[in-house]
Structures are given as structure tokens and as C-alpha cells.
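Asks:
In our numbering, the protein residues as written are -11 to 135.
#1: Assuming contact is defined by CB atoms lying nearer than 9 Å, are residue 58 and residue 77 in contact in what I supplied?
#2: From what residue to what residue does the alpha helix (DSSP H) around residue 99 run?
#3: Here's a check: name, in chain order, each residue in its chain whose Cβ is nearer than 6 Å to the Cβ of residue 61, leaving out the five neighbours to either side.
#4: Compute the beta-carbon to beta-carbon distance between residue 45 and residue 8, rounded to the nearest angstrom, for a pair I have assumed lies under 8 Å.
#5: Apart from the five residues just before and just after residue 22, which ones in its own chain have a Cβ nearer than 7 Å to its Cβ?
#6: Starting from residue 83, trace the alpha helix (DSSP H) both ways and give me its first and last residue.
#7: Should residue 85 and residue 17 be called a contact, given that it needs their Cβ atoms to be closer than 9 Å?
#8: When you compare only the Cα positions, how much space is there between residue 15 and residue 88?
#9: Which term fits residue 24, buried or exposed, when burial requires 16 or more other beta carbons within 10 angstroms of its beta carbon?
#10: Please classify residue 4 as buried or exposed, where buried requires at least 16 neighbouring CB atoms within 10 angstroms.
#11: Return helix, strand or coil for residue 4, following the three-state DSSP convention.
#12: Could you give the distance in angstroms between the alpha-carbon of residue 47 and the alpha-carbon of residue 36?
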């Protein structure tokens, strides 16, 4: 039973997605607080204060948002320049609404004893080597006759 307990997935990715959806559904602005000193964080360093950065992740402020179990990835403009942002879920400190500060902050030790399964390790290590998601293929609508 203890073997299952150590491999249980952290709640952070699920809670971030749920709170993000709740904030957006209520027409509020979701802010993501990130530990800028964590490994594999790709953010604009000039906006870091006290080792943290707060990112506006509202759908109207970001493009191509992707929230997986390992990373949050999107593009956003900083000082008029579009940048690709990559935030590992281990670096997410909290998510909250700008307007009323309602949201959730996370236990910094949540990932200390977590060991991902082999499949997850292989997929996350391939993500860290990629700077941006693969471009989508051309949408060639139509039917194809198969014989």
C-alpha cells in the first residue's frame, strides 16, 4: 500500500486547472504565482521580483494555452514582445483572481516524495528538450476514398 501512496499523482495540476476555470467562468482575471528560481522555468526574467513572478494567464491575455500535468505553456506579450512561457507545475506557487484574491496557494513540499511512473518520466523529459510545441499540420478538409 505504501508503494501506491508514493506514486499517487499530486493534486496541484488538477487544482490549477479547476481554479483557472472557475476564475474564467466568473469573468475574473486569473493570476499565476511562479517560483522563478525553479528548474526549467522559461519566463521573462526582467519581470522577476523576490524570486517570483506573477503572470496574467487570462484567456484574453494568452495564446495557445496548454495546461498539462507537468507544464503550463502559453505565449504572451511582455513590453510589446511575444514570448513563449513554460512553467513546470512544480514551480507554481498559487493561482488566484486579481480582483478579489480568491484562489489557492500550494504546499511547496507537495512534490518532495513524488516519483512519476516510467511513462510520465519519458514524456516529460522529451518535453523539456522542446522549446515550443510542434506546429499543427495543415487542415486539409475533405473525404478520402478507401478501397
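Using N, Cα and C, we set each Cβ at its ideal position, and we do this for glycine too.
Replies: Put simply:
#1: yes
#2: Neither: residue 99 is in no alpha helix (DSSP H) and is coded neither H nor E.
#3: 54, 74
#4: 7 Å
#5: 29, 31, 40, 41, 43, 75, 79, 80, 81
#6: Careful: residue 83 lies outside any alpha helix (DSSP H), inside the beta strand (DSSP E) at 80 to 85.
#7: yes
#8: 12 Å
#9: buried
#10: buried
#11: helix
#12: 22 Å
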